[in-house]
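Report on the structure given below.
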Amino acid sequence: MPSPIRLGPVLLLAALASGCTSFAPAPAVQPALQSACRTAASCDYNGPYDPGERAYAEQEAARLNNAEAARLRNTR
Numbered sequence: 000m001p002s003p004i005r006l007g008p009v010l011l012l013a014a015l016a017s018g019c020t021s022f023a024p025a026p027a028v029q030p031a032l033q034s035a036c037r038t039a040a041s042c043d044y045n046g047p048y049d050p051g052e053r054a055y056a057e058q059e060a061a062r063l064n065n066a067e068a069a070r071l072r073n074t075r
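Per numbering that gives the first Met the number 0, residue 0 is the first one in the sequence shown, and the count goes up by one each step.
Written as structure tokens, this is what we have:
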């Protein structure tokens, strides 16, 4: 029979190795989220707007487009 001194490290190693499965990486983005906006048309909102909301959305889209265009110009 192996001595407890030799068996201790083996049991410790086995316990540590069995716990490694709990450190699995988080799952990737759910498929439903990945395919939510594959095309621009799938992200368009076709419902009614609140008063002033449409103008704000158009101004914000223009601002974001200009900011991205400036960023792309600066990366060349």
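Idealized CB from N, CA, C, for every residue including glycine.
Could you compute how far the alpha carbon of residue i sits from the alpha carbon of residue j?
| i | j | result |
| --- | --- | --- |
| E67 | T74 | 11 Å |
| A69 | R62 | 11 Å |
| E59 | A13 | 57 Å |
| Y48 | C42 | 15 Å |
| N45 | N64 | 21 Å |
| A56 | R37 | 21 Å |
| R53 | A40 | 17 Å |
| R72 | G51 | 32 Å |
Starting from residue i, follow the alpha helix (DSSP H) in both directions and report where the run begins and ends.
| i | result |
| --- | --- |
| Y55 | E52 to N73 |
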